[in-house]
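*Asks:* In the numbering used here, the protein residues as written are 72 to 291.
Glycine included, each C-beta is placed from N, C-alpha and C at the ideal position.
Input: one structure, supplied below.
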Ligand code: GRF
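Written out as structure tokens, the structure reads:
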């Protein structure tokens with residue numbers, strides 16, 4: 072008799088929007104031998120297309136609509152309760168547009184990842200593509216980091232660069248950055264599930280060793 076395969080880490084994705092990163096993760100985790108299972112998708116917006124993508128892929132979904140809560144604390148408590156029903160090993164924020172409270176973030180220390188469309192620490196916050204163009208930068212990109220109490224400020228695991236051309240607009244930059252996001256996020260989630268990436272007391276550990284700089288995908 073064949074032994075049951077060893078259990079793999081359970082991945083829960085939180086999204087708010089169109090869910091193209093979610094789609095990339097759905098496809099990656101469906102590949103044979105992916106070392107993790109995408110078990111549920113949570114969303115704060117009832118009509119978000121991310122929910123549709125999850126349903127299409129037969130992944131469980133839940134909605135915690137932030138407009139129905141009077142405070143961030145109440146919303147986060149409801150979100151936490153929903154998440155806990157699935158007992159995930161890692162929470163992957165993929166375009167989840169809510170700022171989470173300190174207690175929520177602490178509950179998932181070292182087990183929550185976020186993707187941000189800039190080469191952090193540059194351009195935390197919103198409108199990164201426009202701000203890169205306004206500053207005349209020649210390089211832009213995406214970062215994946217552990218979520219800590221500091222908004223977009225947690226230790227960065229990996230980055231991918233894009234080159235900014237004269238003719239670029241916020242829209243064209245968003246497209247270029249998203250192309251890289253869809254490659255990079257599945258790679259980092261794989262590393263996490265394999266136990267290769269961890270949050271240490273001083274920052275990111277890769278294969279047990281502290282990294283001085285984020286892992287990089289080459290520019291293209
Ligand atoms: C991505 O560009 C990500 O960097 C940002 O929100 C966007 C989400 O896009 N945090 P999608 O919903 O995955 O298409």
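Can residue 281 be considered in contact with the ligand GRF, in the sense that its beta carbon sits closer than 7 Å to one or more heavy atoms?
*Replies:* Flag unset: Cβ of residue 281 not near the ligand GRF.
*Asks:* Starting from residue 143, trace the alpha helix (DSSP H) in both directions and tell me its first and last residue.
*Replies:* Note, residue 143: alpha helix (DSSP H), 143-155.
*Asks:* Could you check whether the Cβ of residue 89 sits closer than 7 Å to any heavy atom belonging to the ligand GRF?
*Replies:* Correct: residue 89 has its Cβ closer than 7 Å to the ligand GRF.
*Asks:* Between residue 149 and residue 135, which are expected to be in contact by the criterion C-beta below 8 Å, what is the C-beta distance as a whole number of angstroms?
*Replies:* So it is a contact: roughly 5 Å between Cβ atoms.
*Asks:* Buried or exposed for residue 205, going by 16 or more other Cβ atoms inside 10 Å?
*Replies:* Looking at its Cβ environment, which holds fewer than 16 other Cβ atoms inside 10 Å, residue 205 is exposed.
*Asks:* How many whole angstroms separate the CB atoms of residue 210 and residue 234, which I take to be in contact at a CB cut-off of 8 Å?
*Replies:* That belief holds up - the Cβ atoms of residue 210 and residue 234 are roughly 6 Å apart, short of 8 Å.
*Asks:* Taking DSSP as the reference, what is the three-state secondary structure of residue 259?
*Replies:* In this structure, residue 259 counts as helix in the three-state DSSP scheme.
*Asks:* May I ask you to check if the CB of residue 213 is nearer than 7 Å to at least one heavy atom of the ligand GRF?
*Replies:* For the ligand GRF, at least one heavy atom lies less than 7 Å from the Cβ of residue 213.
*Asks:* Work out the CA separation of residue 94 and residue 84 for me, nearest whole Å.
*Replies:* Computed Cα separation, rounded: 11 Å.
*Asks:* Using 8 Å as the threshold, is the C-beta distance between residue 167 and residue 229 below it?
*Replies:* No, Cβ-Cβ distance for residue 167 and residue 229 is not below 8 Å.
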